[in-house]
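Residue numbers (this note's numbering): 196 to 316. For glycine and all other residues, C-beta sits at the position ideal for the given N, C-alpha and C. Everything below concerns the one structure shown next.
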Ligand SMILES: [Zn+2]
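Here it is, written out as structure tokens:
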């Protein structure tokens with residue numbers, strides 16, 4: 196754990212992560228309900244072809260969105276593990292402290308800004 200991080204800060208980050216997870220789970224649930232493929236009548240209805248196409252596109256968009264949200268959930272879960280292991284707030288690449296301001300913005304951040312930038316190149 197980065198020595199600069201106070202117990203209060205970690206406690207706040209834990210709450211932040213949990214809130215975010217709840218929000219994401221809710222979003223996933225809502226998206227699943229919007230998915231035309233989750234409609235129990237879907238298989239039995241003899242809709243026109245254009246409706247089928249629209250449903251297909253809707254389904255794929257929703258699936259992609261759900262995938263993104265689930266990815267974020269995994270990253271938040273990993274952040275929780277790092278808190279447990281006292282590795283939170285330390286860059287996984289260069290072992291430097293990740294600035295507090297960055298952690299407040301991105302609680303699941305694994306790298307410092309510099310390393311993140313280098314990786315994107
Ligand atoms: Zn770094």
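Cβ neighbour criterion (16 or more within 10 Å) applied to residue i
| i | result |
| --- | --- |
| residue 265 | exposed |
| residue 221 | exposed |
| residue 208 | buried |
Residue i (DSSP reduced to helix, strand or coil)
| i | result |
| --- | --- |
| residue 234 | coil |
| residue 276 | helix |
| residue 252 | helix |
| residue 244 | helix |
| residue 295 | helix |
| residue 269 | helix |
Same chain, Cβ closer than 6 Å to residue i, five either side skipped, listed in chain order
| i | result |
| --- | --- |
| residue 310 | 286, 288, 289 |
| residue 223 | 261, 264 |
Whole-Å CB distance - residue i paired with residue j, under 8 Å assumed
| i | j | result |
| --- | --- | --- |
| residue 212 | residue 275 | 6 Å |
| residue 215 | residue 302 | 7 Å |
| residue 218 | residue 261 | About 14 Å; that fails the 8 Å criterion. |
| residue 292 | residue 206 | Not quite, the Cβ-Cβ distance comes to about 18 Å (not below 8 Å), so this is no contact. |
Same chain, Cβ closer than 8 Å to residue i, neighbours up to 5 away in sequence not counted
| i | result |
| --- | --- |
| residue 253 | 229, 230, 231 |
| residue 256 | none |
C-beta atoms of residue i and residue j nearer than 8 Å
| i | j | result |
| --- | --- | --- |
| residue 312 | residue 304 | no |
Nonlocal neighbours in the same chain, by C-beta distance under 7 Å from residue i, ignoring five residues either side
| i | result |
| --- | --- |
| residue 234 | none |
| residue 267 | 219 |
For ligand 2, list every residue whose C-beta falls under 7 Å from any of its heavy atoms, going in chain order.
For the structure depicted, ligand 2 is absent and the ligand set comprises only ligand 1.
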